[in-house]
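Participant: If you number the sequence shown the way the UniProt record's numbering does, the last residue is 273 and the count never jumps.
Here you go, one structure.
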Amino acid sequence: MTGRYLLLGMIAGLIAGVLAFGVGKVWGEPPVAAAIAIEEAGSEAEAPAGHDAEHSHDAAAGTVTADSAAEAEPAGHSHSHGDEEGFSRETQAGLGLLTGMAVFGAGLGGLFALAFAFVQGRFSHLSAAGTAAVMAALGYVAVVLVPFLKYPANPPAVGHGETIGLRTQVFFAMMVLSLVALAVSVAVARSGSDRWRWGILGGVVYLALVTIAGHVLPAINEVPATFPGDLLWQFRTVSLVVEAVLWAGIGLIFGQLVQRTLARDPGLRQRLA
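Right, here's the structure in full:
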């Protein structure tokens, strides 16, 4: 049955990924394009300044060294969004984004299905659809929302290339700690007979653990003071919405697919009960 769950999860994730792509394409592409335009405008503004400084230096020194000429080229090249890219911006925002979201959605759906196979019937008496919906909501909070509150998504033109490794590490560290905190809180919630009281206690434990984790991990803020605040929060809001569509789509679609599978096979439903 786990194999069937896995297939249904990947199908649900694929569909949810396409839905998330639609949301990202319609509402997410404008702020991304605006952020790229800001980055390119900044690069173009820096180029003349560097060019004038080079000429003033040449006038004083009377020569241009080979080293200075070699250093000037990479500096201007590193900020370009033009010919060095393997694909055009239109391709990246269209087919590239669709493919990426579909593949990511299918993979996430498969992981979701494996988790569902473990959870189903163990932690509650909810239906398959209800269990999937609760799992999707908890997964969104633990994997997306809580790490986002500590390390929110940034559009292009925000962040330094040399810190991308650190930013990736601390984000995934926050995500792992959030998942561990969720597991602990679920264990606490199931340890008592009064579901409501112990459920609330489990929620408090989760909040306490992720708050501690957020204070332990380093803060990273690389947003330039000149970057438009409305554009920044528009991008971040859309990022959360796209992830919400993906997780909600997986939870709801997968739950319905499993529910229909169980309805067509009463014997299977009894074995899983």
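Quick reminder that beta carbons are idealized off the backbone N, C-alpha and C, glycines included.
No experiment lies behind these values; they were computed from the predicted model shown.
Please tell me whether residue 165 and residue 10 are closer than 8 angstroms, where the distance is taken between their beta carbons.
Facilitator: No, the pair does not count as a contact, with Cβ atoms beyond the cut-off.
Participant: Taking Cβ positions, are residue 220 and residue 170 nearer each other than 8 angstroms?
Facilitator: A contact, by the Cβ cut-off of 8 angstroms.
Participant: Taking Cβ positions, are residue 17 and residue 105 nearer each other than 8 angstroms?
Facilitator: Yes; because the gap between Cβ atoms is below 8 angstroms, this pair is in contact.
Participant: Near residue 265, what residues of its chain come up, given a Cβ to Cβ distance below 7 angstroms and the 5 sequence neighbours on each side ignored?
Facilitator: Cβ neighbours of residue 265 beyond the five flanking positions: none.
Participant: Using the rule of at least 16 other Cβ atoms within 10 Å of the residue's Cβ for burial, across every protein chain shown, is residue 253 buried or exposed?
Facilitator: So residue 253 ends up on the buried side.
Participant: Please determine, among 177, 39, 259, the residue with the shortest C-alpha to C-alpha distance to residue 143.
Facilitator: Comparing Cα-Cα distances from residue 143 to each of 177, 39, 259, the minimum goes to 177.
Participant: For the segment 152-163 and the segment 128-142, state whether three or more C-beta atom pairs, one from each stretch, are separated by less than 8 angstroms.
Facilitator: The segment 152-163 vs the segment 128-142: no contact.
Participant: How about the segment 201-211 and the segment 227-244: do they share at least three Cβ pairs that are nearer than 8 angstroms?
Facilitator: No: the two stretches stay apart, fewer than three of their Cβ pairs being nearer than 8 angstroms.
Participant: For residue 222, does the count of other Cβ atoms within 10 angstroms reach 16, so buried, or fall short, so exposed?
Facilitator: With fewer than 16 other Cβ atoms within 10 Å, it is exposed.
Participant: Taking the alpha helix (DSSP H) that residue 206 belongs to, which residues open and close that run?
Facilitator: Element bounds for residue 206: 195-216.
Participant: What residue from 154, 215, 202, 183 has the CA that sits closest to residue 230's CA?
Facilitator: Checking every option, the nearest Cα to that of residue 230 belongs to 154.
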